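Its first residue numbered 292, the sequence shown is counted upward by one per residue in my numbering.
All C-beta atoms in this analysis are idealised placements derived from N, C-alpha and C, irrespective of residue type, glycine included.
The structure displayed is predicted, hence computed values, not measured ones.
Here the structure comes first, spelled out in structure tokens, and everything after it is commentary.
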Amino acid sequence: MASHSVCVFCGSRPGRDPAYMADAEALGTALAARDWRLVYGAGDVGLMGAVARAAQAAGGETFGVIPVHLMQLEVGKVDLTRFIVTENMHERKKVMFMNCDAIALLPGGAGSLDEFFEVLTWAQLGLHRKAIVLLNTSGYWDPLLALVRHAVDQGFADASLLDLFTTADTVDGALERLAPTG
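So, in structure tokens, the structure goes:
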């Protein structure tokens, strides 16, 4: 069994920039090369499918969690090392979070933003100290980073919020920040 598990939140679509898919594939391959388990949303589409297929191709352990209502839409990838079907999105996020040691956020849409803000809020409330790393491929997350800074600047969040996550412009940079500590 893998010694370290990384939850990857990312899009169920490929996005317009080919760099998004390339980074998803590189991350999946790198997780497997380090014997780190991939924990993700169990879809076989978009960046989700790319990261999982790459991890599998490199011999990595994969742990997927999908809500029953997304089995068809996200093409549930049933050939994973471990495949769990939940009743709803809330359970999906909880199971993914409880089965990881660190969290990576790749480009994605509303679902990825929801996942990021939930784990960020939990960190803000002191409920966990897991690393949260945004892989800022081609500057994708720059507007999000500006929004979080704006919330701090306008007094709606303490500056310590900015210390609860890190960013990386490359897969190697993300891996350094996702590595086990101590």
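Closest Cα partner of residue i within the set the options
i	options	result
residue 338	327, 299, 463, 359	299
residue 461	469, 454, 455	469
residue 389	408, 362, 356	356
residue 333	293, 371, 446	371
residue 359	367, 326, 353	367
residue 383	361, 398, 424	361
residue 328	443, 315, 348, 292	292
residue 305	441, 400, 297	400
residue 336	377, 379, 301, 435	301
Within 8 Å, strictly: CB atoms of residue i and residue j
i	j	result
residue 303	residue 365	yes
residue 414	residue 453	no
residue 429	residue 326	no
residue 457	residue 427	no
Three-state class that DSSP yields for residue i in the structure shown
i	result
residue 296	strand
residue 458	strand
residue 468	helix
residue 318	helix
residue 329	strand
residue 399	coil
Assumed close pair residue i, residue j - CB separation to whole angstroms, cut-off 8 Å
i	j	result
residue 386	residue 377	6 Å
residue 465	residue 318	7 Å
residue 297	residue 450	With a Cβ gap of about 27 Å, residue 297 and residue 450 do not count as contacting.
Just list the alpha helix (DSSP H) runs in the segment 422-454, keeping only unbroken ones of 4 residues or longer that don't cross its boundaries, in chain order. 433-444
May I have a chain-ordered list of the alpha helix (DSSP H) segments no shorter than 4 residues that lie completely inside the segment 336-394? 337-348, 380-389
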